[in-house]
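Counting in this note's numbering, the sequence shown runs from 8 upward without gaps.
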Amino acid sequence: MSKREVELFIFDIYIAIVKIEYVSNEFTNIQDLLHDFKSWDTVIREFEIIGEASKHLIREDLLGNKFQVVVDFRNLIIHEYFGIAPEEVDDIIKKDLNNFKVEIESLISKIDNELKKELIEAFIEDNKHLDFILKELKRLENGKK
């Protein structure tokens, strides 16, 4: 696996986290999110992306083994989709997602500046229709936390 691919996984996770935050913040409780099938499916899909990309970062020793739980949650979603507890999803969103985002932002900060600029520009182009993603990418581009 080339270095560039690993960095793409880092940005994939970041974008997925931002999407989960955006969608979940539209709801005051997990049951309302669950009953809005488009929003629920979006959140679940983004967790799948986070888990799959995290697997690659763990293999490359960019994330520690303590993050195997992220991959395990992805496997649960994929293989036991009928057994997803909405409360577990809610707990992860409320208690774990922001800490994981901080970890991913730390990995982004370690990417070579030229490559990081190139990747941010590519992700801006790919997400130009999503204002909330553009805002977060611009924040990263400007080096703000």
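Where is the CB? At the ideal position from N, CA and C, for every residue including glycine. Remember, it's a predicted structure, so these values are computed and weren't measured experimentally.
Answer with buried or exposed for I85, where buried requires no fewer than 16 other C-beta atoms within 10 angstroms of its C-beta.
exposed
Rounded straight-line distance, which links the Cα of N105 to that of D39
21 Å
Rounding to the nearest angstrom, what Cα-Cα distance links N82 and E125 in this structure?
32 Å
Does the separation of the CB atoms of L69 and V13 fall below 8 Å?
Against a cut-off of 8 Å, the Cβ pair of V13 and L69 comes out as a contact.
Near E67, which residues of its chain fall below 6 Å by C-beta distance, leaving aside the five closest residues on each side in sequence?
V13
Whose CA, out of I127, E94, I91, I99, lies closest to the CA of K145?
I127
For E87, which three-state DSSP category applies?
coil
Could you give the distance in angstroms between the alpha-carbon of S116 and the alpha-carbon of E28?
21 Å
Going straight from the alpha carbon of D103 to that of E121, what length do you get?
30 Å
For the candidate residues E110, Y88, A60, whose alpha-carbon lies nearest to that of D48?
Y88
Which of the three DSSP states, helix, strand or coil, is assigned to F34?
Of the three classes helix, strand and coil, the one that applies to F34 here is coil, per DSSP.
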